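Undergrad: To convert, take the position in the sequence shown, counting from 1, and add 104; that gives the numbering used here.
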Amino acid sequence: MLCVFDQSKSVGIPLAKETIMLHELRHRFARWLAYRQTLASLRRLPDSILADAGLSREELRERARDASLRR
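(1) Expressed to the nearest angstrom, what Euclidean distance is found between the alpha-carbon atoms of LEU137 and GLU122?
(2) In whole angstroms, what is the alpha-carbon distance linking PHE109 and GLU162?
(3) Assuming SER139 contacts ALA168 (C-beta within less than 8 Å), just tell me the rounded distance between them.
(4) Between SER145 and LEU129, what straight-line distance do the alpha-carbon atoms span, to the nearest angstrom?
(5) Rank ILE124, HIS127, LEU126, ARG132 by C-alpha distance to the C-alpha of GLN171 and give the top, closest one.
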């Protein structure tokens, strides 16, 4: 709880909503970062390795995007 001082009065303001919003923002950023790091690592792979695994870059991109959207 945060106390805000107004003309020598202390008013308690619960921070539940702000805390939830901050948590959600951090969570979304972590997912976005994981997605970007996955794409960056895939760009370094030669096409021959992906072909040997039977995967396309687009398929991996879609899987990374889907994984980043899951909670």
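Just so you know, even glycine gets a beta-carbon here, dropped at the ideal spot from N, CA and C.
Small disclaimer: the values here were computed from a predicted structure and weren't measured.
TA: Reading it off the structure:
(1) When the Cα atoms are used, LEU137 and GLU122 turn out to be separated by approximately 22 Å.
(2) Note that PHE109 scores 48 on pLDDT, short of 50, meaning its location in the model is unreliable and no value can be drawn from it.
(3) The sequence shown places Tyr at residue 139, rather than the Ser named in the question. The pair is a contact, with the Cβ atoms about 5 Å apart (cut-off 8 Å).
(4) Spanning the two alpha carbons is a distance of roughly 24 Å.
(5) The question names Gln, but residue 171 is Ala in the sequence shown. The residue among ILE124, HIS127, LEU126, ARG132 with its C-alpha nearest the C-alpha of ALA171 is ARG132.
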